[in-house]
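A.B. asks: Can you keep this structure in mind? I'll have questions shortly.
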Amino acid sequence: MQSQESSNTPAGSLVVSDKILPDDPRYKYSSNKKFNLRFSGKPDYIRLVQSIDELMFALQEAVTENQRVVIRCGGHCLENFVDDIAVKVVIDISMMKGVRFDTEMGAFEIIAGTTVGEMYEKLYNEWGVVVPAGEHPAIGMGGHIAGGAFGFLCRQFGLAVDYLYAVEMLWVDDRRKVQKVIATRESEDLHRDLWWAHTGGGAGNFGVVTRYWFRSVGTFGDVSTPLLPLAPPVIETFEVEWKWEDFNEHHFTGLVRNFGNWCENNSGADDAGTGLFATLHLWRRQYGKLQIKGLITTGKEHDTLLDSFMQAISHGLDMPHQLVRTKMSWLDFALKPFPDIFTDGKAAFKVKDALMRKQFTDRQIKVIFNYLESTEYDVPGGFIGHATYGGTLNAITPEATASVHRDSIMTTACAVGWGDPKEEAKNLDWVRSCYKDLFAETGGVPVPNVATSGTLINHPDADLADPAFNTSGVPWYTMYYQSNYARLQQVKAKWDPCNIFHHLLSVQV
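Everything in the sequence shown is counted per my numbering, starting at 819 for the first residue and increasing by one.
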């Protein structure tokens, strides 16, 4: 289908929501609609919009007034791209919701304000299908998809953007006029470059996404055709727990090494373990335990896959542990995954991510152990997580989508959270020092090389743009985009000529 483009200026009769000003009782509530309490902005006003036309009006008004404007959806950005003191206007699209089958597109349409959980629920209940998107059900689709979108099903089905058929976006032309465009993945589409940029180029770069359409590559038809992967009929979660007090450095090294071995041996698209996803939670010793949480999605293979995984993880270790297995429907899990991890609570936190092409070296494992063990730091909210990666998502070439990381075996994160603002400095020191030492051989960051593949733009880390923390000489954008960055710059220059949409880690021209 050919892309469409129009200005669609709202009619004069359009009813537009009021600006929420600082003296409005709703302002405090709207300002606090964020996941990371570390940041606090103070926009001149916030506007809640309920339709695309209303969004066009609000965006045009802010652009005409030359106000720094940002779009908020679910509020889950890890950095201050929205909650920045420089931002003067926040347009909240979280009330723009909807999931339907679009017969003209032959694809499933998702309005950008819809949450991941709302999408999962509608697709499952109405059609029994799934888009393999993120883990937290409260994440907004608008920003999430543009960054690539990986989650529990990525090893079996790939990334959400691997099913992206089309995107509708509001953009601002060189006359500072808001326009609307639809771009598809069709080879003859004149705006196919814009579709490509939204398969992992990151949010807040090119314009404002209003709608996405999804269907599998090579398919077309009606809802009777399997246009998306069928949701797993049943999934099984497994939770493994060890007591920290039973571990010394030798045991710890064995556990981390075993997890890395399994990831290396099961990262290919045709490997037997694609139906298993797991995370290794390495908490600070004061937390009292180490954990693995995972799920299996491939039907009758549950027992075989889990037995094989547990044998690999336990190799050479004679450690007492607790294993809990639970079967449930995909939807029950997707709407409330691992409640002790994916809570609705808010905190201040810092996350520093990395993608691994090989498992950690003995030196790196020792670094991890020391930072979890050390009594020098009093940071009970600190942990290092490893998650399985690869599988089906590694079957796609790096240039086919803007999501360039197509040969990694696992993703890792150094993370810390705290409640008291007075605790910020010591928590940041712990997580930054840990990350720096972990990647000390490459300037304190995961420079793309034989062992590491950079990091994901959906998990932005402003430190990568700071020479105090990135001493590698490799720019931040190489960590996120590698060889795809030059093409993203071309898209940026074409679709955002006035640089209306920008933040610390946005594509630059």
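The beta carbon of each residue, even a glycine, is placed where N, CA and C say it ideally should be.
Just so it is clear, the structure is predicted and the values come from calculations on it, not from any experiment.
Could you pull the DSSP bridge partners for Met1228 from this structure?
C.D. replies: Locating residue 1228 in the sequence shown gives position 410, where the first residue counts as 1. Residue pairing by DSSP puts Met1228 in a beta bridge opposite Met1174, Thr1206.
A.B. asks: Helix, strand or coil for Lys1061? Go by DSSP, reduced to three states.
C.D. replies: For the purposes of this step, residue 1061 is taken as residue 243 along the sequence shown, with counting starting at 1. Looking at Lys1061 - three-state DSSP - the assignment turns out to be strand.
A.B. asks: According to DSSP, is Lys1240 part of a helix, a strand, or is it coil?
C.D. replies: Along the sequence shown, read from residue 1 onward, the residue named residue 1240 stands at position 422. Residue state, collapsed to three classes: helix.
A.B. asks: Quick one: any contact between the segment 1285 to 1305 and the segment 1261 to 1275, if contact means 3 or more CB pairs under 8 Å?
C.D. replies: yes
A.B. asks: Buried or exposed: where does Phe1127 fall if 16 or more other Cβ atoms within 10 Å of its Cβ makes it buried?
C.D. replies: Within the sequence shown, the letter at position 309 stands for residue 1127. Classification of Phe1127: buried, given that the 10 Å Cβ count is 16 or more.
A.B. asks: Assuming Ile864 and Ile838 form a contact by the criterion Cβ under 8 Å, report the distance between their Cβ atoms to the nearest whole angstrom.
C.D. replies: The sequence position of residue 864 within the sequence shown is 46, counting from 1. The sequence position of residue 838 within the sequence shown is 20, counting from 1. Correct: roughly 4 Å between the Cβ atoms.
A.B. asks: Looking only at DSSP bridge pairs, what is Leu1098 linked to?
C.D. replies: Mapped onto the sequence shown, residue 1098 falls at position 280. Leu1098 is bridged to Ile1110, His1204.
A.B. asks: Between Pro1047, Val881, Arg1305, which lies nearest to Trp989 when the distance is taken from Cα to Cα?
C.D. replies: Here residue 989 corresponds to residue number 171 of the sequence shown, with the count starting at 1. Of Pro1047, Val881, Arg1305, the residue nearest in Cα terms is Val881.
A.B. asks: Rounded to whole angstroms, how far is the Cβ of Met1228 from the Cβ of Ala1205, which I believe are closer than 8 Å?
C.D. replies: Along the sequence shown, one-based indexing puts residue 1228 at 410. Along the sequence shown, one-based indexing puts residue 1205 at 387. So it is a contact: roughly 6 Å between Cβ atoms.
A.B. asks: Taking buried to mean at least 16 other C-beta atoms within 10 Å of its own C-beta, is Val1327 buried or exposed?
C.D. replies: Stepping through the sequence shown from its first residue, residue 1327 is reached at position 509. The residue in question, Val1327, is exposed, as its Cβ has fewer than 16 Cβ neighbours within 10 Å.
A.B. asks: Does DSSP put Phe777 in a helix, a strand or coil?
C.D. replies: One cannot answer for residue 777 here, as it falls past the ends of the chain, which runs 819 to 1327.
A.B. asks: Assuming Leu1323 and Pro1278 are in contact, meaning their beta carbons sit under 8 Å apart, how far apart are those beta carbons, in whole angstroms?
C.D. replies: The count along the sequence shown starts at 1 and reaches residue 1323 at position 505. The count along the sequence shown starts at 1 and reaches residue 1278 at position 460. Correct: roughly 5 Å between the Cβ atoms.
A.B. asks: I need the DSSP call for Phe926, collapsed to helix, strand or coil.
C.D. replies: Mapped onto the sequence shown, residue 926 falls at position 108. In this structure, Phe926 counts as strand in the three-state DSSP scheme.
A.B. asks: What would DSSP say about Met1297, mapped onto helix, strand or coil?
C.D. replies: As a first step, residue 1297 must be located in the sequence shown, where it is residue number 479. In the structure shown, Met1297 sits in a helix (DSSP, three-state: H, G or I).
A.B. asks: Give the list of continuous beta strand (DSSP E) stretches no shorter than 3 residues that lie fully inside the segment 996 to 1074.
C.D. replies: 996 to 1002, 1026 to 1032, 1053 to 1061
A.B. asks: Got a sec? Which residues, its chain only, sit under 6 Å from Val834 by beta carbon, not counting five neighbours each side?
C.D. replies: One-based indexing of the sequence shown puts residue 834 at position 16. The answer, listed in chain order, is Glu872, Phe875.
A.B. asks: Given a threshold of 16 other Cβ atoms within 10 Å of its Cβ, counted over all protein chains shown, does Asn1066 qualify as buried or as exposed?
C.D. replies: Along the sequence shown, read from residue 1 onward, the residue named residue 1066 stands at position 248. Exposed, because fewer than 16 other Cβ atoms sit within 10 Å of the Cβ of Asn1066.
A.B. asks: Reducing DSSP to helix, strand and coil, say where Asn1083 ends up.
C.D. replies: What you label residue 1083 is simply residue 265 of the sequence shown in a count that begins at 1. Helix at Asn1083.
A.B. asks: Thinking C-beta only, is Phe1056 closer than 7 Å to Leu1123?
C.D. replies: Here residue 1123 refers to the residue found at position 305 of the sequence shown. Here residue 1056 refers to the residue found at position 238 of the sequence shown. Cβ atoms of Leu1123 and Phe1056: not closer than 7 Å.
A.B. asks: Considering only residues of the same chain and omitting the five flanking positions on each side of Gly1203, which have a CB-CB separation below 8 Å?
C.D. replies: Within the sequence shown, residue 1203 is the residue found at index 385, counting from 1. Around Gly1203: Thr1097, Leu1098, His1099, Leu1100, Thr1230, Ala1231, Ala1233.
A.B. asks: Residues bridged to Asp910 by DSSP?
C.D. replies: Counting from one through the sequence shown, the residue named residue 910 turns up at place 92. DSSP, once it has assigned bridges, lists Leu866, Arg890 as partnering Asp910.
A.B. asks: Note down, one range per segment and in chain order, each beta strand (DSSP E) of at least 3 residues found wholly within the segment 1138 to 1196.
C.D. replies: 1140 to 1146, 1166 to 1174
A.B. asks: For Thr882, name the three-state secondary structure that DSSP assigns.
C.D. replies: Sequence index remark: in the sequence shown, residue 882 carries index 64 (1-based). Reduced to three states, the DSSP call for Thr882 is helix.
A.B. asks: Check whether the Cβ atoms of Tyr983 and Arg1033 sit closer than 7 Å, and answer yes or no.
C.D. replies: The residue you call residue 983 lines up with position 165 of the sequence shown. The residue you call residue 1033 lines up with position 215 of the sequence shown. For Tyr983 and Arg1033, yes; Cβs fall inside 7 Å.
A.B. asks: State buried or exposed for Ser1226, treating a residue as buried only when at least 16 other CB atoms are found within 10 Å of its CB.
C.D. replies: Residue numbering aside, residue 1226 sits at position 408 when the sequence shown is read from its first letter. Counting of Cβ neighbours within 10 angstroms places Ser1226 among the buried residues, the total reaching 16 or more.
A.B. asks: Terminal residues of the continuous beta strand (DSSP E) containing Ala984?
C.D. replies: By one-based count along the sequence shown, residue 984 stands at place 166. For Ala984, the enclosing beta strand (DSSP E) has its first and last residue at 982 to 990.
A.B. asks: With the cut-off set at 7 Å, would you say Gln974 and Gly1091 are in Cβ contact?
C.D. replies: Position 156 of the sequence shown, counted from the first residue, corresponds to residue 974. Position 273 of the sequence shown, counted from the first residue, corresponds to residue 1091. No, these two residues do not count as a Cβ contact at 7 Å.
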